[in-house]
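FYI, in UniProt numbering the residues of the sequence shown are 1 to 268.
Don't be surprised by glycine CBs; every beta carbon is placed ideally from N, CA and C.
Notes to accompany the following structure.
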Amino acid sequence: MMIKGFSTGMYGWHERYRLDQREDSWDDIFRECAEAGMNAVEIDPTPELVRLAKGYGLSVSGGYIGLNLHEPVIPFEESVIPLIKGLAEAGGSDLVVNADPKGGWGVALPKTEDEFKRQGEHMSRIAAAAGEWGLKVSLHNHADEKHNAEGDLRSVIEYASADVGLCVDTGWAHVAGADPIEWIRTYPERIYAFHLRNQMGRIPTEDLLEGEIDMAKLARALTDIGYSGWLAFELLHNEENRPVRTMIEDVRRSVDYLKPFFRIEGSP
């Protein structure tokens with residue numbers, strides 16, 4: 001199965017630096033991403049960061065933005081459009097949008113059905129704008145309980161245009177009581193992107209091999225649906241899982257585990 005390659009979000013790297021009490025350095029992070037076997041990074045595509053990443057042989061897979069999609073108004077012209085343009089100019093392919101929690105982080109009030117519908121309408125508008133620049137748009141699942149997780153899913157499947165896809169965050173899906181593999185098999189035409197992490201209940205594991213999510217089964221599901229996009233990691237090292245290996249080691253272990261299932265675009 002041919003994919004674009006392996007990418008990574010930045011949050012987990014920043015958290016690992018904080019855990020190690022190291023100075024947060026983009027230069028060091030990109031160097032370590034490349035050393036760990038990443039082909040690309042998911043970043044805010046400022047010209048400076050794009051140049052620095054490409055200096056280490058890393059492409060830009062996409063970018064991430066969190067928005068209060070349940071609200072009547074979102075910062076479309078101020079935030080969304082500049083990100084779309086920046087990603088297109090950086091050669092990215094995926095705009096990943098998070099439906100931020102109602103009430104703020106740490107609160108996560110239950111959203112109403114009208115609010116889930118509004119999320120779909122906003123996502124349709126974003127996808128139409130991004131499509132003009134050749135980008136794919138997907139909704140990232142971040143809810144940690146059933147009501148909002150299922151509602152966010154409906155935002156795409158029932159209330160958004162067919163151009164809107166899903167960025168399946170395997171870790172958060174599992175925490176919310178959902179099966180990410182079932183999502184893949186049920187909605188194959190809407191699977192646009194991934195944030196890969198394994199879990200033991202609500203606690204993230206330090207690599208993809210260990211945990212309650214069968215990553216081999218997930219990889220086979222991707223092969224079955226003909227997935228050909230990026231596989232972006234979102235490994236998380238923190239005080240909860242007390243990692244025994246470095247982020248470089250765990251990313252490399254995870255890449256080596258998945259490589260037999262996929263071929264990377266442009267590789268021999």
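Across the structure, G165 and E77 are spaced so that their CA atoms are roughly 21 Å apart. Annotated as distal: L231 and I74, with beta-carbon spacing of 8 Å or more. Under the DSSP assignment, H147 falls in the alpha helix (DSSP H) whose first and last residues are K146 to I157.
Contact between the stretch 107-123 and the stretch 194-207 is absent: fewer than three C-beta pairs spanning the two stretches fall below 8 Å. When rounded, the separation of the alpha-carbon atoms in D27 and D100 is 29 Å. For L235 against V251, the beta-carbon gap comes to about 6 Å, under 8 Å, which counts as contact. In this structure the stretch 2-16 touches the stretch 29-41; the number of beta carbon pairs closer than 8 Å is three or more. For L231, the enclosing beta strand (DSSP E) stretches over residues W230 to F233. Using a 10 angstroms sphere on the CB of V96, the tally of other CB atoms reaches 16 or more, which defines it as buried. Of all alpha-carbon atoms in D152, A160 and D144, the one lying nearest the alpha-carbon of V175 is that of D144.
Measuring C-alpha to C-alpha distances from K217 to each of P180, T205, I157 and L109 identifies P180 as the nearest. With contacts defined by Cβ atoms closer than 8 Å, A173 and N141 form a contacting pair.
For G66, DSSP records a beta bridge to N98. Residues W133, G134 and L135 of the same chain have their beta carbon placed closer than 7 Å to that of A88, with the five preceding and five following residues left out of the count.
For L166, the three-state secondary structure derived from DSSP is strand. Using a Cβ distance threshold of 8 Å, K102 and A108 count as a contacting pair. Residues F30, V41, I43 and V60 of the same chain have their beta carbon placed closer than 7 Å to that of A53, with the five preceding and five following residues left out of the count. Here A149 is not near I184, since their CB atoms are 8 Å or more apart. Within the same chain, N141, P180, W183, I184, I191, A193, F194 and H195 come within 8 Å of V168 by CB-CB distance, once the 5 residues on both sides are set aside.
Distance from the Cα of A130 is smallest, within the candidate group L49, E158 and P82, for P82. Between G151 and H70, the alpha-carbon positions lie close to 11 Å from each other. Sequence-distant partners of M247 (beyond 5 residues in either direction) whose C-beta falls short of 8 Å from its own C-beta, in its chain, are G12, W13, R16, E32, A36, L235 and H237. Look at G226 here: in three-state DSSP terms it is coil, with no helix or strand label. Check the Cα spacing between Q21 and each of E239, R154 and L258: the tightest is with E239.
Only residues of its own chain outside the window of five on either side were considered, and among them I43 have a CB closer than 6 Å to the CB of L49, listed in chain order.
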